[in-house]
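Encoded as structure tokens, the structure appears first; notes follow it.
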Amino acid sequence: MVARITDTIMTDTSLIRLMSWLSPVFPTGSFAYSAGLEQAVAQGTISDTDALEKWLETLLLQGPLKNEAILFAASWRGHDNAGIMAELAVLCVALAGSAERHRETLDQGKAFAEAADHWFDADEKLPSDLPLPVAVGLACGRTGIALDAALGAYLNTFVANQLQCAIRLSVTGQNGAAQVLSRLEPVVACAVKFAERSSVDDLGGCAIVAEIAAMNHECLQPRLFLS
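Take the sequence shown: its position 193, counted from the start at 1, is 400 in our numbering, and no numbers get skipped.
Shown next, in the form of structure tokens:
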């Protein structure tokens, strides 16, 4: 069993663990889900890297990723309180704007928990019914991975997964995706800072086009992704 990290300073071990939990090895990547991006491409909302960058910036600062970051931070802080975790899980699921996003966050949360079990003793295993941001926030808080690093990695991994989807959808190539990834670094950092000082009272957003795209994706045929 990997030794428990007892502080919130990023050590070599905690950094490696964070990289492992958010790596392509974990079943939470872009292989199945696009978070509505496929629909946005199909309807012409996103057709180039500029539109893709603006789309992702909106998701991070005003859309569902803003809320995920807030719930992640709250889960990190409340990791040792089962009642708080249960409330955050219910709240996170209730904020899902469509049936596909509802399924996406629960399926990915379950997949993350099952994979992360290898880092925990039998009596410390993560609940399998948590939505993804709550599950990852709980795991990072329980093992003492620093909140700012955990949040930054979580949000950046989402961006990277979206860019992988964009490559598969022929919106951009690898070089264009790398360019967008570099430009979004300060946006991710801004989202992290906001979430760190937030509470659940700060939940909310106005990414209406993205939410409608996620709803319409349920009827998109043919399609590559489940959301």
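Glycine residues also receive a C-beta, built at the ideal position from the N, C-alpha and C atoms.
C-alpha gap between residue i and residue j, whole angstroms
{"i": "residue 253", "j": "residue 430", "result": "16 Å"}
{"i": "residue 388", "j": "residue 317", "result": "27 Å"}
{"i": "residue 372", "j": "residue 358", "result": "21 Å"}
{"i": "residue 243", "j": "residue 419", "result": "9 Å"}
{"i": "residue 436", "j": "residue 248", "result": "Residue coverage of the chain in this structure runs from 208 to 434, which leaves residue 436 outside it and unanswerable."}
{"i": "residue 355", "j": "residue 426", "result": "38 Å"}
{"i": "residue 298", "j": "residue 365", "result": "20 Å"}
{"i": "residue 369", "j": "residue 307", "result": "16 Å"}
{"i": "residue 239", "j": "residue 434", "result": "8 Å"}
{"i": "residue 315", "j": "residue 335", "result": "10 Å"}
{"i": "residue 279", "j": "residue 259", "result": "24 Å"}
{"i": "residue 352", "j": "residue 361", "result": "12 Å"}
{"i": "residue 394", "j": "residue 321", "result": "31 Å"}
{"i": "residue 332", "j": "residue 230", "result": "20 Å"}
{"i": "residue 220", "j": "residue 402", "result": "25 Å"}
{"i": "residue 319", "j": "residue 350", "result": "15 Å"}
{"i": "residue 374", "j": "residue 416", "result": "21 Å"}
{"i": "residue 311", "j": "residue 296", "result": "14 Å"}
{"i": "residue 241", "j": "residue 267", "result": "15 Å"}
{"i": "residue 256", "j": "residue 428", "result": "24 Å"}
{"i": "residue 208", "j": "residue 228", "result": "Reliability of the predicted coordinates at residue 208 is poor, the pLDDT of 37 falling under 50, and no value is obtained from them."}
{"i": "residue 235", "j": "residue 291", "result": "24 Å"}
{"i": "residue 396", "j": "residue 423", "result": "31 Å"}
{"i": "residue 384", "j": "residue 390", "result": "10 Å"}
{"i": "residue 407", "j": "residue 294", "result": "11 Å"}
{"i": "residue 224", "j": "residue 348", "result": "13 Å"}
{"i": "residue 222", "j": "residue 398", "result": "20 Å"}
Under the three-state DSSP convention, the category residue i falls into
{"i": "residue 361", "result": "helix"}
{"i": "residue 233", "result": "coil"}
{"i": "residue 209", "result": "Residue confidence is low: residue 209 scores 40 on pLDDT, short of 50, so the model does not pin down where it sits. No coordinate-derived value is stated."}
{"i": "residue 225", "result": "helix"}
{"i": "residue 295", "result": "helix"}
{"i": "residue 308", "result": "helix"}
{"i": "residue 320", "result": "helix"}
{"i": "residue 286", "result": "coil"}
{"i": "residue 401", "result": "helix"}
{"i": "residue 389", "result": "helix"}
{"i": "residue 433", "result": "coil"}
{"i": "residue 214", "result": "Confidence in residue 214 is poor, its pLDDT being 41 and thus under 50, which makes the residue's placement too unreliable to answer from."}
{"i": "residue 327", "result": "coil"}
{"i": "residue 422", "result": "helix"}
{"i": "residue 265", "result": "helix"}
Cβ neighbour criterion (16 or more within 10 Å) applied to residue i
{"i": "residue 380", "result": "exposed"}
{"i": "residue 340", "result": "buried"}
{"i": "residue 226", "result": "exposed"}
{"i": "residue 404", "result": "exposed"}
{"i": "residue 411", "result": "exposed"}
{"i": "residue 245", "result": "buried"}
{"i": "residue 338", "result": "buried"}
{"i": "residue 363", "result": "buried"}
{"i": "residue 232", "result": "exposed"}
{"i": "residue 180", "result": "Absent from the model: residue 180. The displayed extent of the chain is 208 to 434, so no value can be given."}
{"i": "residue 282", "result": "buried"}
Is the region 261 to 268 in contact with the region 320 to 334, if contact means three or more CB pairs nearer than 8 Å? no
Are the region 266 to 276 and the region 297 to 309 touching by the rule of at least three beta carbon pairs closer than 8 Å? Here the region 266 to 276 lies against the region 297 to 309, with 3 or more beta-carbon pairs under 8 Å apart.
For the region 285 to 294 and the region 340 to 352, state whether three or more C-beta atom pairs, one from each stretch, are separated by less than 8 Å. yes
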